[in-house]
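Written out below as structure tokens is the structure these notes cover.
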Ligand code: DAT
Ligand code: MG
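Residue numbers (our numbering): 303 to 446.
Quick look at the structure:
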């Protein structure tokens with residue numbers, strides 16, 4: 303398993319409820335290294351672009367509204383098998399189906415407002431990371 307990267311966003315509901323700390327704690331405890339991070343807010347056009355694969359879904363309008371309703375925390379995470387392991391850590395899209403101990407089971411309120419994003423492939427991790435971060439904002443190797 304190669305060391306690689308995934309991209310995450312702590313979504314507006316998680317930020318609003320004060321879950322940044324607890325969620326980052328779980329991410330650290332699971333062995334992910336944060337190599338880029340920022341608090342930011344998606345514009346409507348930005349959210350439509352980020353989630354364009356879902357543009358024909360009935361929930362698309364609500365998704366864009368929710369993802370733009372407040373600040374998010376975007377981050378790039380490094381770990382062996384990052385994409386797959388992070389999807390396990392966050393749990394199923396619907397928190398009602400998420401396994402015990404997963405981030406969505408603990409902190410998500412509904413399938414729409416589900417607290418956290420995790421990339422679903424290495425290719426999408428790279429695209430999503432580039433959407434939020436410039437090269438100079440991403441740190442790798444030993445920090446000191
Ligand atoms: P995931 O975030 O687990 O990768 P996804 O890519 O299928 O899930 O969908 C992106 C987001 O869209 C998801 O985090 C929440 C929203 N969403 C997905 N399915 C939904 C549904 N059936 N009803 C409402 N929102 C939904
Ligand atoms: Mg997805």
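Idealized CB from N, CA, C, for every residue including glycine. Since the structure is predicted, the reported quantities are computational estimates derived from the model, not experimental observations.
Cβ shell of residue 324 (< 6 Å), same chain only, five flanking positions each side left out = Indexing the chain shown from 1 puts residue 324 at position 22. Closer than 6 Å at Cβ, skipping near neighbours: no residue.
ask   = So, helix, strand or coil for residue 366, using DSSP?
value = Position 64 of the chain shown holds residue 366. Here residue 366 sits in helix by DSSP.
message = Pull the bridge partners of residue 375 from the DSSP assignment, please.
response = Taking the chain shown and counting its residues from 1, one reaches residue 375 at position 73. Per DSSP, 312 and 341.
task = Over the uninterrupted beta strand (DSSP E) stretch that includes residue 418, give me the two end residues.
result = Your numbering for residue 418 matches position 116 in the chain shown. Note, residue 418: beta strand (DSSP E), 418–420.
query = For residue 330, does the three-state DSSP call read helix, strand or coil?
reply = Numbered from 1 along the chain shown, position 28 holds the residue referred to as residue 330. Note: residue 330 maps to helix in three-state DSSP.
query = Got a sec: does ligand 2 put a non-hydrogen atom nearer than 7 Å to the Cβ of residue 399?
reply = One-based indexing of the chain shown puts residue 399 at position 97. With a cutoff of 7 Å, residue 399 does not count as near ligand 2, since its C-beta is closer than that to no heavy atom of the ligand.
request  = May I ask you to check if the CB of residue 315 is nearer than 7 Å to at least one heavy atom of ligand 2?
outcome  = Position 13 of the chain shown, counting from 1, holds the residue named residue 315. Not under cutoff, so the answer is no.
inquiry  = Going by beta-carbon coordinates alone, are residue 434 and residue 349 separated by less than 8 Å?
reply    = Reading the chain shown from its first residue, position 132 is the one you call residue 434. Reading the chain shown from its first residue, position 47 is the one you call residue 349. Against a cut-off of 8 Å, the Cβ pair of residue 349 and residue 434 comes out as no contact.
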